[in-house]
Amino acid sequence: MSKELLGALDALENDKGIAKETIIDALEAALTSAYKRNYNQAQNVEVSFDDKKGKVHVYAVKQVVEDVVDNRLECSLSDALQLNRGYELGDDIRFEVTPKNFGRIAAQTAKQVIMQRVREAERTIVYNKYSKYQDELMTGEVEREDNRFVYIDLGQVEAVMPRNDQMQNEEYRPQDRIKVYVNKVEDATKGPQIFVSRTAPGLLKRLFEEEVPEIYDGTVEIVSIAREAGDRAKVAVRSTNEDIDPVGTTVGPKGQRVQTIVNELGGENMDIVQWTDNPAEFISNSLNPSEVVDVVFDEENENACTVIVPDYQLSLAIGKKGQNARLAAKLTGYKIDIKSESEVSKDPSDTIDDYSSDEEF
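When we follow our numbering, the leftmost residue of the sequence shown carries the number 944, and every step to the right adds one.
Spelled out as structure tokens, the structure:
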């Protein structure tokens, strides 16, 4: 066993990067437990593994005392002095008590410890690899689906996509290759657990980085994203170069760049709007494609405003089931109440729209 065990330790250190000392420490601890369990011994024992010869030694540890109460744990000073004149009260003495047949138990224990350490090392390697991809985009292959998750093969590990991270307009079939956003990587007991999403705003950001070189290199920045996955999204962009139009650059010639992303997301509509540090102007931009006459901020709530639009633009500004206003509010961080010009002219003090009062965006 000794040669095989030493060879295995060397191989693990070279191939898996597991330090030999780490395995030896775990092996000695496991052998100590195995000795106590198999020989009904509860006294203080130590197991030492000789990493030069591959041999295992079991020692009973006894403390030097004046009067022995328990000879399994204690040794008298007179007996200790017969062994070595240098012993004093309180010293520990190690007596070898290695059983003749302990080699078989040691071999079985060593195998179990090594296998456990290999599994732990492999889990750590996979976790370290995929934890670097958190908040990043990955491509995987759909494996199967149950009532909780869609399971996606990312290579060395299987990721899970919960129901709320699945797009309602998509059907996931085995062997489909899809792009997913890595939401979270957990170092679970059974191995790394990776949670991915198709609905996260971060997915949209990474897709634009892939498709638009200016966003990838930072010339154009995505400031905020509001998304109702599979249906519609708004993306606010700005340029760090005054000579570059952030909206036009993001949309691309004839809308090719944004259309590629729309196709990837199963037809999800995209509104690309220009960010500005002028809140009123940004809010106006966020309600695209609607025109905006004025933006009136609430004096009592700095994060609320009333947006005035032409009468014929009211339904467009609000959007189907309030979607346009809702996404604009998410994009800008403001509570937005929308009014038509005629509503405001009838009662200038009325700044709460019936629709907005029912739902805070």
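All residues carry an ideal CB built from backbone N, CA and C; glycine is no exception. What you are looking at is a predicted structure, and each value in this text was computed from that prediction instead of being measured.
Segment limits, beta strand (DSSP E) that includes residue i
| i | result |
| --- | --- |
| residue 1101 | 1101-1105 |
| residue 1230 | It is not in any beta strand (DSSP E) - residue 1230 carries neither H nor E in the DSSP assignment. |
| residue 989 | 988-993 |
| residue 1282 | 1278-1283 |
Limits of the alpha helix (DSSP H) - the one that residue i falls within
| i | result |
| --- | --- |
| residue 1022 | 1020-1026 |
| residue 1016 | No alpha helix (DSSP H) holds residue 1016; DSSP gives it neither H nor E. |
| residue 1266 | 1266-1275 |
| residue 1260 | 1257-1261 |
Those residues which DSSP pairs with residue i across a bridge
| i | result |
| --- | --- |
| residue 969 | Bridge partners of residue 969: none, in fact. |
| residue 1244 | Residue 1244 pairs with nothing; no bridge assigned. |
| residue 1199 | For residue 1199, which the question treats as bridged, DSSP gives no partner whatsoever. |
| residue 1010 | DSSP, once it has assigned bridges, lists no residue as partnering residue 1010. |
| residue 1237 | 1251 |
| residue 1002 | 989, 1039 |
Among the options, the one whose alpha carbon lies nearest that of residue i
| i | options | result |
| --- | --- | --- |
| residue 1266 | 1222, 1214, 1218, 1240 | 1214 |
| residue 1177 | 1199, 1124, 1243, 1272 | 1272 |
| residue 1129 | 1009, 961, 1076 | 1076 |
| residue 1159 | 1175, 1189, 1143 | 1189 |
| residue 1113 | 1067, 1209, 1184, 1106 | 1209 |
| residue 1070 | 1132, 1146, 1143 | 1132 |
| residue 1088 | 1125, 1228, 1109 | 1109 |
| residue 1051 | 1016, 978, 959, 961 | 978 |
| residue 1316 | 981, 1001, 995, 1212 | The structure shown does not extend to residue 1316, since the chain spans only 944 to 1304, so no value can be given for it. |
| residue 1145 | 1164, 1124, 1242 | 1124 |
| residue 1240 | 987, 1227, 1034, 1155 | 1227 |
| residue 1091 | 1103, 1003, 1054 | 1103 |
| residue 1134 | 1067, 1155, 1143 | 1067 |
| residue 1229 | 1253, 1277, 1258 | 1277 |
| residue 1063 | 969, 1206, 976 | 969 |
| residue 1041 | 1141, 1245, 982 | 982 |
| residue 1074 | 1127, 1082, 1192 | 1127 |
| residue 1216 | 1242, 1275, 1246, 1264 | 1275 |
| residue 951 | 1201, 1055, 1004, 1029 | 1055 |
| residue 1219 | 1234, 1166, 1255, 1201 | 1166 |
| residue 1222 | 1121, 1233, 1246 | 1246 |
| residue 955 | 1058, 1095, 1072, 1155 | 1058 |
| residue 995 | 967, 1002, 1008 | 967 |
| residue 1034 | 1163, 1044, 1023 | 1023 |
| residue 1185 | 976, 1163, 1000 | 1163 |
| residue 1080 | 1232, 1012, 1151, 989 | 1151 |
| residue 1233 | 1261, 1018, 992, 1143 | 1261 |
| residue 957 | 1018, 1001, 1061, 1053 | 1061 |
| residue 1048 | 976, 1012, 1094, 959 | 976 |
| residue 1139 | 1118, 1255, 963, 1082 | 1082 |
| residue 1043 | 1200, 1000, 1155 | 1000 |
| residue 1094 | 1111, 1078, 1072, 1119 | 1119 |
| residue 1206 | 1231, 1191, 1173, 1288 | 1173 |
| residue 1254 | 1244, 1285, 1238, 1242 | 1285 |
CB-CB length for residue i against residue j, believed under 8 Å
| i | j | result |
| --- | --- | --- |
| residue 1157 | residue 1187 | 7 Å |
| residue 1279 | residue 1236 | About 14 Å separates the two Cβ atoms, so there is no contact after all. |
| residue 1183 | residue 1198 | Contact doesn't hold; Cβ gap of about 23 Å is too wide. |
| residue 1086 | residue 1065 | Residue 1086 to residue 1065, Cβ: 20 Å. No contact. |
| residue 1016 | residue 1032 | Rounded, the Cβ-Cβ distance is 15 Å, inconsistent with contact. |
| residue 1004 | residue 1037 | 6 Å |
| residue 1175 | residue 1259 | Residue 1175 to residue 1259, Cβ: 13 Å. No contact. |
| residue 1121 | residue 1147 | That pair is no contact at about 15 Å. |
| residue 971 | residue 1002 | Not really, about 11 Å apart at Cβ, beyond 8 Å. |
| residue 1257 | residue 1283 | 4 Å |
CB contact below 9 Å: residue i versus chain C
| i | result |
| --- | --- |
| residue 1128 | Here there is only one protein chain, and chain C is not present. |
Can you list the beta strand (DSSP E) stretches of 3 or more residues lying completely in the segment 1110-1192, in chain order? 1120-1131, 1134-1140, 1163-1171, 1175-1182
Alpha helix (DSSP H) runs contained entirely in the segment 1036-1102, provided each spans 4 or more residues: 1045-1074
At 3 residues or longer, what runs of the beta strand (DSSP E) sit wholly inside the segment 1201-1226? 1212-1217
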